[in-house]
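Engineer: Our numbering puts the first residue of the sequence shown at 9, with every later residue one more than the last.
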Amino acid sequence: MIDHARLQAIVREAGAIAQSHWPGAGHDLDAWEKQPGDPVCEADLAVDSFLKRELGALLPAAGWLSEETADAPGRLDNRLIWLVDPIDGTRDFIRGRKGWAVSVALISEGRPLIGMLNAPAREEEWIAVAGQGAQRNGRRLRASQRSTFVGARIPADSLMKEDRIFEMVDKPNGIALRVAMIAADEADLVATLRWGYEWDIGAATLIAREAGAAISDAWGNPLGYNKRDPRAFGLLVSAPGIHAEAVTHLKRRAEHYTRKFADKLK
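1. Given a cut-off of 7 Å on the beta-carbon distance, is the pair D208 and D36 in contact?
2. Just to confirm my understanding: we take G228, look at its own chain, exclude 5 residues before and 5 after, and list those with CB closer than 8 Å. What are they?
3. Quick one: measure Cβ to Cβ for L197 and G97, integer angstroms, because I've assumed they're closer than 8 Å.
4. Who does N126 pair with in a DSSP beta bridge?
5. Would DSSP call V177 helix, strand or coil?
6. Measuring only the C-alpha atoms, how far is A195 from A212?
7. For T200, list the residues DSSP reports as bridge partners.
8. Just how far apart, CA to CA, sit D46 and E75?
9. Considering Cα atoms alone, identify which of G139, E131 and W72 is closest to A113.
10. What distance in whole Å lies between the Cβ atoms of G118 and Y233, which are believed to be in contact at a cut-off of 8 Å?
11. What three-state label does DSSP hand R144 in the structure shown?
12. Helix, strand or coil for Q153? Go by DSSP, reduced to three states.
13. Below 8 Å, how does it come out for the region 140-159 and the region 177-191: are there three or more Cβ pairs, yes or no?
14. Can you give the beta carbon distance from I115 to L88, rounded, assuming they're within the 8 Å contact cut?
15. Compare the C-alpha of A65 against each of M176, I18 and A164 and name the closest.
16. Do A219 and L201 have their beta-carbon atoms positioned less than 7 Å apart in this structure?
17. What residue does the alpha helix (DSSP H) around E21 start on, and which one ends it?
18. According to DSSP, is W30 part of a helix, a strand, or is it coil?
19. Here's the rule I'm using: 16 or more other beta-carbon atoms within 10 Å means buried, otherwise exposed. How should M124 be labelled?
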């Protein structure tokens with residue numbers, strides 16, 4: 009049995025460590041690119057190191073998969089793993105914006121068991137336990153129940169021509185917070201058509217699911233976790249009543265992008 013109070017305290021402390029580096033609170037920050045277009049900063053590494061130590065002590069039997077740690081294939085033999093993004097939304101973090109969160113999930117046999125997001129710049133703490141619902145700051149969440157596709161709220165800075173049937177709402181940089189917006193009924197649809205990683209969405213998708221949202225990859229297929237390849241193409245989180253229509257709406261583009269990726273590998 010995991011100590012939930014201790015886990016919550018660890019994730020809160022991770023948020024406090026991140027906040028102590030955040031330029032939005034007046035702190036200087038060292039940042040660089042791991043590769044072009046992939047930023048990282050000293051706070052990512054500090055939070056990652058703290059969580060690896062503390063979560064490892066909390067549940068020594070669990071494996072580990074994190075954005076900022078070299079992958080250890082031995083995790084595939086673990087029934088339980090910690091799935092961590094020390095700062096989801098690093099671009100917003102570096103720029104002093106609020107669209108970032110510490111993301112921690114406990115995965116059990118390929119499915120999220122516990123999910124937590126700590127977003128101190130927004131004074132938000134999101135928690136979900138499989139089968140027990142989801143909360144933000146102690147208040148139970150109920151996802152969007154929208155049934156009309158046209159006019160659905162989508163976090164975005166701009167919309168492609170074929171997406172101008174939607175209503176734009178504020179878009180945090182971190183995908184985890186965008187997914188959490190569905191859980192809080194602040195958006196109706198979040199979709200990506202790119203390769204992403206398990207650690208970006210492990211906690212947030214559990215929060216959304218426990219609040220009643222529908223979740224899949226870009227093709228409408230269920231998501232899995234602790235896979236040998238931690239990538240997946242596309243994410244679709246929405247009100248249940250518009251999910252099937254969203255899959256259909258995105259299908260042509262999903263096919264285009266996957267063909268384009270396949271051509272690059274030839």
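The C-beta atom is built at its ideal place from N, Cα and C for all residues, glycine as well.
Predicted model, so just to flag it, every value in this text is computed and none were measured.
Structural biologist: In short:
1. Mapped onto the sequence shown, residue 208 falls at position 200. Mapped onto the sequence shown, residue 36 falls at position 28. Not closer than 7 Å, so no.
2. Residue numbering aside, residue 228 sits at position 220 when the sequence shown is read from its first letter. Same-chain partners within the cutoff: L244, H251, A252 and V255.
3. By 1-based counting over the sequence shown, the position of residue 197 is 189. By 1-based counting over the sequence shown, the position of residue 97 is 89. Not confirmed; about 19 Å, so no contact.
4. As a first step, residue 126 is located in the sequence shown; it is residue number 118 there, counting from the start. In the DSSP output, where bridge partners are listed per residue, N126 has V110 and E133.
5. Here residue 177 refers to the residue found at position 169 of the sequence shown. Residue state, collapsed to three classes: strand.
6. If you number the sequence shown from 1, residue 195 lands on position 187. If you number the sequence shown from 1, residue 212 lands on position 204. Cα to Cα, A195 sits roughly 14 Å from A212.
7. Working through the sequence shown from its first residue, we reach residue 200 at position 192. L243.
8. Translated into positions along the sequence shown, residue 46 becomes position 38. Translated into positions along the sequence shown, residue 75 becomes position 67. About 11 Å.
9. As a position in the sequence shown, residue 113 is number 105, starting the count at 1. The residue with the shortest Cα to Cα distance from A113 is W72.
10. Within the sequence shown, the letter at position 225 stands for residue 233. Within the sequence shown, the letter at position 110 stands for residue 118. With a contact defined as Cβ atoms closer than 8 Å, Y233 and G118 qualify at about 5 Å.
11. The sequence position of residue 144 within the sequence shown is 136, counting from 1. Three-state DSSP puts R144 in a strand.
12. Taking the first residue of the sequence shown as position 1, residue 153 is located at position 145. If DSSP states are grouped into helix, strand and coil, Q153 belongs with coil.
13. yes
14. Position 107 of the sequence shown holds residue 115. Position 80 of the sequence shown holds residue 88. Rounded to whole angstroms, the Cβ separation of I115 and L88 is 7 Å, and the two are in contact under 8 Å.
15. Translated into the one-based positions of the sequence shown, residue 65 becomes position 57. Cα-wise, what sits closest to A65 is I18.
16. Here residue 201 refers to the residue found at position 193 when the sequence shown is read from its first residue. Here residue 219 refers to the residue found at position 211 when the sequence shown is read from its first residue. Cβ distance not < 7 Å, so L201 and A219 don't count as in contact.
17. Here residue 21 refers to the residue found at position 13 when the sequence shown is read from its first residue. Unbroken alpha helix (DSSP H) run through E21: H12 to Q27.
18. Walking along the sequence shown from the start, residue 30 turns up at place 22. Coil, per DSSP.
19. Residue numbering aside, residue 124 sits at position 116 when the sequence shown is read from its first letter. It counts as buried.
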